[in-house]
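Note that the protein sequences, when read in sequence, are chains A and B.
With the numbering used here, letter number 34 in the first sequence gets 34, and the count goes up by one each step, no holes.
With the numbering used here, letter number 111 in the second sequence gets 111, and the count goes up by one each step, no holes.
Notes to accompany the following structure.
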Amino acid sequence: EAQVTQNPRYLITVTGKKLTVTCSQNMNHEYMSWYRQDPGLGLRQIYYSMNVEVTDKGDVPEGYKVSRKEKRNFPLILESPSPNQTSLYFCASSSYRVSRGDTQYFGPGTRLTVL
Amino acid sequence: AQKVTQAQTEISVVEKEDVTLDCVYETRDTTYYLFWYKQPPSGELVFLIRRNSFDEQNEISGRYSWNFQKSTSSFNFTITASQVVDSAVYFCALSANQAGTALIFGKGTTLSVSS
Numbered sequence: 001e002a003q004v005t006q007n008p009r010y011l012i013t014v015t016g017k018k019l020t021v022t023c024s025q026n027m028n029h030e031y032m033s034w035y036r037q038d039p040g041l042g043l044r045q046i047y048y049s050m051n052v053e054v055t056d057k058g059d060v061p062e063g064y065k066v067s068r069k070e071k072r073n074f075p076l077i078l079e080s081p082s083p084n085q086t087s088l089y090f091c092a093s094s095s096y097r098v099s100r101g102d103t104q105y106f107g108p109g110t111r112l113t114v115l
Numbered sequence: 001a002q003k004v005t006q007a008q009t010e011i012s013v014v015e016k017e018d019v020t021l022d023c024v025y026e027t028r029d030t031t032y033y034l035f036w037y038k039q040p041p042s043g044e045l046v047f048l049i050r051r052n053s054f055d056e057q058n059e060i061s062g063r064y065s066w067n068f069q070k071s072t073s074s075f076n077f078t079i080t081a082s083q084v085v086d087s088a089v090y091f092c093a094l095s096a097n098q099a100g101t102a103l104i105f106g107k108g109t110t111l112s113v114s115s
């Protein structure tokens with residue numbers, strides 16, 4: 001089954017404790033993105049990747065890192081999480097740029113709480 | 001500027017009623033794409049439909065239909081004979097060259113269908 005998976009689905013952590021949210025897709029997609037969803041703000045892009053070893057900042061990259069060492073995986077790293085990073089996070093993938101009309105498929109979401 | 005406006009924050013209907021969710025978009029691109037996603041209470045984002053700017057034909061899929069009108073920059077979504085399982089947050093989204101690699105999401109409309 002074609003899908004985007006994320007782990008963990010739920011995470012409660014404390015300020016400053018490094019964490020990684022994994023994302024994997026089995027559709028051989030080139031483009032992958034991370035979004036965060038916050039009440040009243042909708043979904044905003046954090047980082048995206050156009051292919052292996054090619055990543056760039058989205059609209060809200062501060063406090064996050066990503067890497068793309070393999071085509072299927074695109075982990076999101078919070079090196080020193082803070083309470084304002086409490087949010088619902090989505091990983092997404094598509095065959096090519098969304099500006100060319102491709103559909104982004106989203107993972108199930110990771111609900112992160114930083115105390 | 002790229003923007004998507006979903007003016008209806010919340011809608012409540014009774015089962016079997018028809019309901020229309022409004023979406024108004026802004027873009028200066030002549031080629032762009034519009035999407036609808038559904039977010040049920042479980043939290044995942046489910047792709048519903050994609051439309052390109054050159055195709056103004058209305059689309060019907062079962063109880064769902066979409067009305068795309070370039071003249072009013074609208075891409076409205078109608079659910080006919082609503083069911084309790086339709087209760088969710090619905091997002092309209094835009095992709096265009098000037099929007100870069102991100103989908104531009106509206107703030108979402110929460111639909112509650114009661115029995």
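Cβ coordinates follow ideal geometry from the N, Cα and C atoms, glycine included.
For B:Glu59, which option in B:Phe75, B:Lys38, B:Ser71 and B:Ser82 has the closest C-alpha, if you only look at C-alpha atoms? B:Phe75
Report the rounded CA-to-CA distance for A:Arg100 versus B:Thr30, giving the unit in angstroms. 12 Å
What does B:Thr101 touch in chain A if you count any residue whose Cβ is under 8 Å from its own? Tyr31, Ser33, Gln45, Tyr48, Met50, Asp56, Gly58, Arg97, Val98 and Ser99
How close, in whole Å, do the beta carbons of A:Leu115 and A:Ser87 come, if the pair is a contact with beta carbons under 8 Å? Rounded, the Cβ-Cβ distance is 14 Å, inconsistent with contact.
Within a Cβ cutoff of 8 Å, which residues of the same chain sit near B:Ala93, ignoring the five residues on either side of it in sequence? Val4, Leu34, Phe35, Trp36, Tyr37, Leu103, Ile104, Phe105 and Gly106
How far does the beta strand (DSSP E) with A:Tyr64 in it extend, from its first residue to its last? Counting along the chain, A:Tyr64 falls outside any beta strand (DSSP E), and DSSP gives it neither H nor E.
Is there at least one Cβ from chain B nearer than 8 Å to A:Leu112's Cβ? no
By Cβ distance, which residues of its chain are closer than 8 Å to A:Val98, with the 5 residues on each side in sequence left out? Tyr31 and Gln104
Within the same chain, show all residues whose beta-carbon is closer than 6 Å to that of B:Ser65, passing over the 5 residues directly before and after it, in chain order. Thr78
With contact counted as at least three CB pairs below 8 Å, one residue from each stretch, are the stretch 4-11 of chain A and the stretch 39-48 of chain A in contact? no
Mind pulling the chain A residues with CB within less than 7 Å of B:Leu45? Phe90 and Phe106
Quick check on DSSP: helix, strand or coil for B:Asp22? coil
Taking A:Phe74 as part of the beta strand (DSSP E), name the residues at either end of that continuous run. No beta strand (DSSP E) holds A:Phe74; DSSP gives it neither H nor E.
Nearest-angstrom Cα separation, counted from B:Ser87 out to B:Phe12: According to the sequence displayed, residue 12 of chain B carries Ser and not Phe. Approximately 9 Å, taken between the alpha carbons.
Integer-rounded CB distance, given that A:Phe90 should sit under 8 Å from A:Gly109: 5 Å
From the beta carbon of B:Lys107, is the nearest beta carbon of chain A less than 8 Å away? yes
Residue range of the beta strand (DSSP E) that includes A:Thr42: In the sequence on display, residue 42 of chain A carries Gly and not Thr. That run of the beta strand (DSSP E) goes Gly42 to Asn51.
I'd like to know if the stretch 18-26 of chain B and the stretch 44-62 of chain B are in contact, where contact means that at least 3 CB-CB pairs between them fall below 8 Å. no
Would B:Ser95 pass as an interface residue toward chain A - the criterion being a Cβ-Cβ separation below 8 Å? yes
Which of helix, strand or coil DSSP assigns to B:Thr72: helix
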